[in-house]
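Step one of this worksheet: look at the structure below.
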């Protein structure tokens, strides 16, 4: 495997500098995945100690060409570095937590897979009096899956299934554990959507944007890609919110917890606005109270398997976007016909969990949809919100199955219908209302591989 490895222009530019000293035979060799890969993370050295890595500053060698996108955390630029076209994701200093989390995910886990966006380097620079945080990755001219599906004249069965299978392959690798030296822990992405998936030149896709990812460590899990010891020492970042991600792609078990955790709908409007609200039937999510204790709680609340399952739910929605184009229909986002263009939590909760119209009256009585893990900070909050002990609600399930995007299609030839129906069955199993009943990402990949072979 290693014999076939070819150094990129980036790796040829790094210089290893060894400082004299006595080193233990148990010390790990340095690789580009080490924390010392970044100059700002290294010590200057005093003539003894561990070897460290020195590099020229990536930003000084990079020429930004054109801004190709803007997102939640900043901008993405097409750029040139050492004669190679790259993509540069630029975070502002206020979004440093996401940059650090994504950098640590890439550097502490062996994310080397053809369906995971290739990572080159991170850098921190000052420009115009502002601090910019750079993440340098491979560049893919086709752009995101969302852009590809919305602009393509048509998507052939071969192209659609190749995209679908490669996305599932990337997610299966992300969820898997690689045991051994330089192994990889299981990782939950938590923001799977068509805009966070890139289309490559070979018509396969790769997963990108790990700013909200959650890593399962040997002792538990955290949202930083660091060890639990670091979390306990206070050096790690606060974990990303329980409700991190894109609302449109959130799984029903996450949406069902929203009214439970926030503790009901708290009005903070004038009497006139309350009257208007009753007349319109709206219930704005901005009026929800946020328990201060919950902000201090660093507990993930849900088991890691739940987070993996929420990724599979979102994968099902992405597969539906591709499947719909393969049926000859125009591109649409999931739930395009059920919620507004920018839905809030309550609107998604009504549709996905309750199966009701997004503007139906608020219902604050919610069954706990799955077991939750609690700590001393959040236990009394949850118990108080549901009005009973947590144990009494552990095994209750919500009765409704919720609403899902339509899997109906126009009448086609029998051969076309067979593979489309099999694909639709996979999608339906991905977004099952119960997280324990969903397929694993690996099973999705294997099934799509079989379907792809029948149409090739």
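Numbering (the numbering used here), first residue to last: 99 to 554.
Even for Gly, the Cβ is constructed at its ideal location relative to N, Cα and C.
Quick caveat, the model's predicted, so the values are computed rather than measured.
Same chain, Cβ closer than 7 Å to residue i, neighbours up to 5 away in sequence not counted
{"i": "residue 159", "result": "179, 180"}
{"i": "residue 507", "result": "425, 518"}
{"i": "residue 534", "result": "none"}
{"i": "residue 307", "result": "289, 294"}
{"i": "residue 237", "result": "176, 183, 184, 185"}
{"i": "residue 280", "result": "208"}
{"i": "residue 550", "result": "259, 260, 263"}
{"i": "residue 547", "result": "263"}
{"i": "residue 515", "result": "none"}
{"i": "residue 225", "result": "none"}
{"i": "residue 565", "result": "Residue 565 lies beyond the residue range present for the chain, which begins at 99 and ends at 554; the question has no answer from this structure."}
Where the alpha helix (DSSP H) through residue i begins and ends
{"i": "residue 555", "result": "The requested residue 555 does not occur in the structure, where the chain is confined to residues 99 to 554."}
{"i": "residue 160", "result": "Here residue 160 belongs to no alpha helix (DSSP H); instead the beta strand (DSSP E) covers 160-168."}
{"i": "residue 260", "result": "255-273"}
{"i": "residue 550", "result": "539-553"}
{"i": "residue 423", "result": "402-424"}
{"i": "residue 295", "result": "Looking at the DSSP string, residue 295 is not in any alpha helix (DSSP H); the run it does join, the beta strand (DSSP E), is 295-297."}
{"i": "residue 250", "result": "It is not in any alpha helix (DSSP H) - residue 250 carries neither H nor E in the DSSP assignment."}
{"i": "residue 196", "result": "194-206"}
{"i": "residue 446", "result": "443-446"}
Other residues of its chain near residue i: CB distance less than 6 Å, five sequence neighbours each side excluded
{"i": "residue 420", "result": "258, 261, 262"}
{"i": "residue 165", "result": "173, 175"}
{"i": "residue 245", "result": "none"}
{"i": "residue 407", "result": "533, 536"}
{"i": "residue 454", "result": "448"}
{"i": "residue 189", "result": "171, 172, 197, 231"}
{"i": "residue 505", "result": "522"}
{"i": "residue 540", "result": "270"}
{"i": "residue 213", "result": "264, 267, 268, 304"}
{"i": "residue 301", "result": "257, 260"}
{"i": "residue 250", "result": "none"}
{"i": "residue 167", "result": "174"}
Assumed close pair residue i, residue j - CB separation to whole angstroms, cut-off 8 Å
{"i": "residue 273", "j": "residue 311", "result": "Contact flag wrong, Cβ pair sits at about 11 Å."}
{"i": "residue 350", "j": "residue 451", "result": "5 Å"}
{"i": "residue 40", "j": "residue 156", "result": "Any question about residue 40 goes unanswered here, given that the chain covers just 99 to 554."}
{"i": "residue 276", "j": "residue 209", "result": "Not quite, the Cβ-Cβ distance comes to about 10 Å (not below 8 Å), so this is no contact."}
{"i": "residue 449", "j": "residue 433", "result": "6 Å"}
{"i": "residue 553", "j": "residue 524", "result": "Not confirmed; about 14 Å, so no contact."}
{"i": "residue 243", "j": "residue 303", "result": "6 Å"}
{"i": "residue 439", "j": "residue 456", "result": "Contact flag wrong, Cβ pair sits at about 12 Å."}
{"i": "residue 297", "j": "residue 240", "result": "4 Å"}
Identity of the residue in the options nearest residue i by Cα
{"i": "residue 294", "options": "278, 300, 268", "result": "268"}
{"i": "residue 413", "options": "195, 163, 526, 238", "result": "526"}
{"i": "residue 223", "options": "438, 354, 439, 191", "result": "191"}
{"i": "residue 503", "options": "238, 347, 313, 247", "result": "347"}
{"i": "residue 447", "options": "500, 553, 239, 292", "result": "500"}
{"i": "residue 353", "options": "531, 168, 203, 457", "result": "531"}
{"i": "residue 404", "options": "551, 265, 355", "result": "355"}
{"i": "residue 345", "options": "409, 297, 211", "result": "409"}
{"i": "residue 228", "options": "193, 240, 546, 218", "result": "193"}
{"i": "residue 340", "options": "315, 400, 305, 309", "result": "400"}
{"i": "residue 411", "options": "283, 204, 538", "result": "538"}
{"i": "residue 199", "options": "278, 309, 235", "result": "309"}
{"i": "residue 255", "options": "195, 528, 520", "result": "520"}
Start and end residues, beta strand (DSSP E) containing residue i
{"i": "residue 567", "result": "The structure shown has nothing for residue 567, since the chain only spans 99 to 554."}
{"i": "residue 315", "result": "312-315"}
{"i": "residue 305", "result": "303-305"}
Which residues DSSP lists as bridging residue i, in chain order
{"i": "residue 178", "result": "161, 183"}
{"i": "residue 282", "result": "276"}
{"i": "residue 189", "result": "172, 231"}
{"i": "residue 214", "result": "305"}
{"i": "residue 242", "result": "296"}
Contacts around residue i, its chain only, beta-carbon distance under 8 Å, and the 5 residues preceding and following it disregarded
{"i": "residue 247", "result": "253, 292, 419, 420, 423, 429"}
{"i": "residue 203", "result": "209, 285, 308, 311, 313, 323"}
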